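Chain order of the listed sequences is A, B and C.
For the first sequence, counting from 1, position 47 maps to 53 in my numbering; every step adds exactly one.
For the second sequence, counting from 1, position 20 maps to 26 in my numbering; every step adds exactly one.
For the third sequence, counting from 1, position 25 maps to 31 in my numbering; every step adds exactly one.
Cβ atoms here follow ideal geometry from the backbone N, Cα and C, with glycine treated the same way.
Predicted model, so just to flag it, every value in this text is computed and none were measured.
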Amino acid sequence: MSAIEQFADSEVFRAYATYVAVVLLKMMLMSLCTAYYRITLGVFANPEDALGHAKGGDVKKFVRRDESVERVRRCHLNDIENIVPFVGLGLLYVLSNPELSTALLHFRIFAGSRIAHTISYLAPLPQPGRALSFFAGFFVNCSMGYAILSSISYF
Amino acid sequence: MSAIEQFADSEVFRAYATYVAVVLLKMMLMSLCTAYYRITLGVFANPEDALGHAKGGDVKKFVRRDESVERVRRCHLNDIENIVPFVGLGLLYVLSNPELSTALLHFRIFAGSRIAHTISYLAPLPQPGRALSFFAGFFVNCSMGYAILSSISYF
Amino acid sequence: MSAIEQFADSEVFRAYATYVAVVLLKMMLMSLCTAYYRITLGVFANPEDALGHAKGGDVKKFVRRDESVERVRRCHLNDIENIVPFVGLGLLYVLSNPELSTALLHFRIFAGSRIAHTISYLAPLPQPGRALSFFAGFFVNCSMGYAILSSISYF
Numbered sequence: 007m008s009a010i011e012q013f014a015d016s017e018v019f020r021a022y023a024t025y026v027a028v029v030l031l032k033m034m035l036m037s038l039c040t041a042y043y044r045i046t047l048g049v050f051a052n053p054e055d056a057l058g059h060a061k062g063g064d065v066k067k068f069v070r071r072d073e074s075v076e077r078v079r080r081c082h083l084n085d086i087e088n089i090v091p092f093v094g095l096g097l098l099y100v101l102s103n104p105e106l107s108t109a110l111l112h113f114r115i116f117a118g119s120r121i122a123h124t125i126s127y128l129a130p131l132p133q134p135g136r137a138l139s140f141f142a143g144f145f146v147n148c149s150m151g152y153a154i155l156s157s158i159s160y161f
Numbered sequence: 007m008s009a010i011e012q013f014a015d016s017e018v019f020r021a022y023a024t025y026v027a028v029v030l031l032k033m034m035l036m037s038l039c040t041a042y043y044r045i046t047l048g049v050f051a052n053p054e055d056a057l058g059h060a061k062g063g064d065v066k067k068f069v070r071r072d073e074s075v076e077r078v079r080r081c082h083l084n085d086i087e088n089i090v091p092f093v094g095l096g097l098l099y100v101l102s103n104p105e106l107s108t109a110l111l112h113f114r115i116f117a118g119s120r121i122a123h124t125i126s127y128l129a130p131l132p133q134p135g136r137a138l139s140f141f142a143g144f145f146v147n148c149s150m151g152y153a154i155l156s157s158i159s160y161f
Numbered sequence: 007m008s009a010i011e012q013f014a015d016s017e018v019f020r021a022y023a024t025y026v027a028v029v030l031l032k033m034m035l036m037s038l039c040t041a042y043y044r045i046t047l048g049v050f051a052n053p054e055d056a057l058g059h060a061k062g063g064d065v066k067k068f069v070r071r072d073e074s075v076e077r078v079r080r081c082h083l084n085d086i087e088n089i090v091p092f093v094g095l096g097l098l099y100v101l102s103n104p105e106l107s108t109a110l111l112h113f114r115i116f117a118g119s120r121i122a123h124t125i126s127y128l129a130p131l132p133q134p135g136r137a138l139s140f141f142a143g144f145f146v147n148c149s150m151g152y153a154i155l156s157s158i159s160y161f
């Protein structure tokens with residue numbers, strides 16, 4: 007069996023692949039969400055985007071900031087800040103050969119925490135809902151980072 | 007042949023490596039592009055950066071926002087938002103053992119779409135040029151996400 | 007020995023894993039750093055975050071921009087812009103089978119450059135300290151990109 011087939015056969019790796027796909031697709035949804043808010047509220051970042059909306063009127067009126075759009079964008083940026091470490095550390099964590107059950111626990115908590123974070127941010131729910139969901143994912147990343155450094159580190 | 011050598015020998019993996027290197031190097035170019043605009047226009051984000059430009063004059067005059075610089079930065083951020091999923095999903099997609107021709111099609115469309123997106127954003131070209139190039143890359147990521155979840159998912 | 011075990015056994019891969027874990031954990035620290043500044047200075051991005059700080063007073067007074075917080079956030083974003091290419095290109099570079107000493111040189115310079123960049127940004131140190139630390143990391147990424155394209159490229 008080739009190396010690539012062995013990856014596709016490993017349960018820990020397949021769990022990693024599944025949850026990475028879920029959180030990355032969820033993160034990509036934020037782009038559509040931003041576009042939806044921009045179009046329905048008529049709030050654009052570039053004059054060429056507002057052209058269709060202005061219908062011959064003043065384009066500049068639609069090139070502006072709006073708090074609802076900025077909220078979605080902050081949520082998107084927070085996703086990037088946390089999902090990038092998850093994808094990177096998660097792969098190295100899988101290669102440090104963890105128990106399947108421990109790995110699944112990490113991946114599931116992280117995916118759940120990011121979905122809860124998005125809901126708390128966009129609803130918005132009162133704090134500390136969002137802070138707690140952020141820290142759940144944050145600690146999963148820290149735990150995987152610790153597992154990597156304590157098992158396969160080579161300085 | 008060791009596992010690492012098998013990766014370097016797999017055509018699908020080498021195609022992935024090539025197109026990831028291309029889009030990541032292109033993304034890094036955006037940093038240079040931002041620096042170029044900041045220096046030629048005299049628009050800085052930090053007072054210590056403007057010091058050389060001010061030549062003993064008022065530093066604060068050069069610490070400001072400028073629409074041309076913000077445009078480059080939005081383009082850079084949009085790259086991050088789309089290239090991060092591509093790198094992550096692409097790797098998992100390669101490990102789900104796709105056909106070489108299908109994989110090449112995905113990678114080529116994505117790399118082309120991001121280059122077209124940057125050109126449309128910076129020129130700027132009239133819409134829907136940029137929107138179409140964005141969605142071409144977006145759908146490549148969705149398609150790879152679907153391929154991963156339908157072939158090697160493990161919840 | 008399975009493919010996953012071979013990775014955990016390869017010194018080049020273990021060096022990669024170590025330095026990726028270091029720079030990603032450092033990047034995650036920036037989130038805590040932003041939170042620390044937001045709370046101590048009373049500068050929030052969302053009304054629901056400022057509620058506890060306002061103690062029944064006017065919430066809107068605390069929903070504002072502050073230059074110290076923006077500085078941390080720019081530093082964080084610069085990390086993302088550079089660490090994402092490092093994680094992606096680094097993995098492909100490891101799979102292009104480099105010499106251990108050359109690989110270690112790349113990884114150590116990059117990790118050092120990002121730590122120096124953060125210190126120069128947050129202190130802040132006078133330029134060109136930050137610019138030099140930025141370019142050290144930038145050239146490491148370029149060098150790895152070149153190594154990938156010249157050894158395992160498949161267009």
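Beta carbon proximity, residue i to chain A, threshold 8 Å
i                  : result
Leu-35 of chain B  : no
Val-90 of chain B  : yes
Gly-63 of chain B  : no
Gly-151 of chain B : yes
Gly-58 of chain B  : no
Ile-158 of chain B : yes
Ala-27 of chain B  : no
Ala-122 of chain C : no
Arg-80 of chain C  : no
Gly-94 of chain B  : yes
Buried or exposed by the 16-neighbour rule on C-beta atoms within 10 Å, applied to residue i
i                  : result
Arg-80 of chain C  : exposed
Phe-68 of chain A  : buried
Ala-9 of chain C   : buried
Leu-138 of chain A : exposed
Leu-47 of chain A  : exposed
Leu-98 of chain B  : buried
For residue j and residue i, believed in contact at Cβ under 8 Å, the rounded distance
i                  : j                  : result
Gly-96 of chain A  : Val-26 of chain C  : Wrong, their Cβ atoms sit about 11 Å apart, outside the cutoff.
Pro-91 of chain A  : Leu-30 of chain C  : 4 Å
Ala-21 of chain A  : Leu-110 of chain A : 5 Å
Leu-102 of chain B : Ala-153 of chain B : It is Ser, not Leu, that sits at residue 102 of chain B in the sequence shown. 6 Å between Cβ atoms; contact.
Ala-56 of chain A  : Phe-50 of chain A  : 4 Å
Tyr-43 of chain C  : Val-75 of chain C  : 5 Å
Asp-85 of chain C  : Met-33 of chain C  : 5 Å
Ala-14 of chain C  : Ile-45 of chain A  : The Cβ separation is near 48 Å, so there is no contact.
Same chain, Cβ closer than 6 Å to residue i, neighbours up to 5 away in sequence not counted
i                  : result
Phe-140 of chain C : His-123
Phe-113 of chain B : Ala-21, Tyr-25
Val-151 of chain A : Residue 151 of chain A is actually Gly in this sequence, not Val. Only Leu-95 meet the Cβ criterion.
Val-28 of chain B  : Ala-117
Min CB distance residue i to chain C below 8 Å
i                  : result
Leu-180 of chain B : The first residue shown for chain B is 7 and the last is 161, placing residue 180 of chain B beyond what the model contains.
Leu-111 of chain A : no
Tyr-43 of chain A  : no
Asp-55 of chain B  : yes
Ala-9 of chain A   : yes
Nonlocal neighbours in the same chain, by C-beta distance under 8 Å from residue i, ignoring five residues either side
i                  : result
Asn-147 of chain A : Asn-88, Pro-91, Phe-92, Leu-95, Phe-116
Ala-60 of chain A  : Lys-67, Phe-68
Ser-37 of chain B  : His-82
Glu-17 of chain A  : Leu-106
Below-8 Å beta-carbon distance, residue i vs any chain B residue
i                  : result
Ser-31 of chain A  : Note on identity: in this sequence residue 31 of chain A is Leu, with Ser being the wrong assignment. Leu-31 of chain A counts as touching chain B.
Ile-86 of chain A  : yes
Arg-70 of chain A  : no
Asn-147 of chain A : no
Arg-20 of chain A  : yes
Val-17 of chain A  : It should be pointed out that residue 17 of chain A corresponds to Glu in this sequence rather than to Val. Yes, contact with chain B.
Contact check, residue i vs residue j, beta carbons under 8 Å
i                  : j                  : result
Arg-120 of chain C : Gly-135 of chain C : no
Val-100 of chain C : Phe-19 of chain C  : yes
Arg-77 of chain B  : Tyr-127 of chain B : yes
Pro-53 of chain C  : Glu-54 of chain B  : no
Closer than 7 Å: residue i CB and nearest the ligand SAH heavy atom
i                 : result
Arg-20 of chain C : As far as ligands go, the structure on display features none, and thus does not contain the ligand SAH.
Same chain only: Cβ atoms within 7 Å of residue i, ignoring 5 sequence neighbours per side
i                  : result
Ser-149 of chain B : His-112
Cys-39 of chain B  : Val-78
Gly-62 of chain B  : none
Give the residues from the segment 128-144 of chain B that approach chain E closer than 7 Å (Cβ to any Cβ), ordered along the chain. Among the protein chains of the structure shown, namely A, B and C, there is no chain E.
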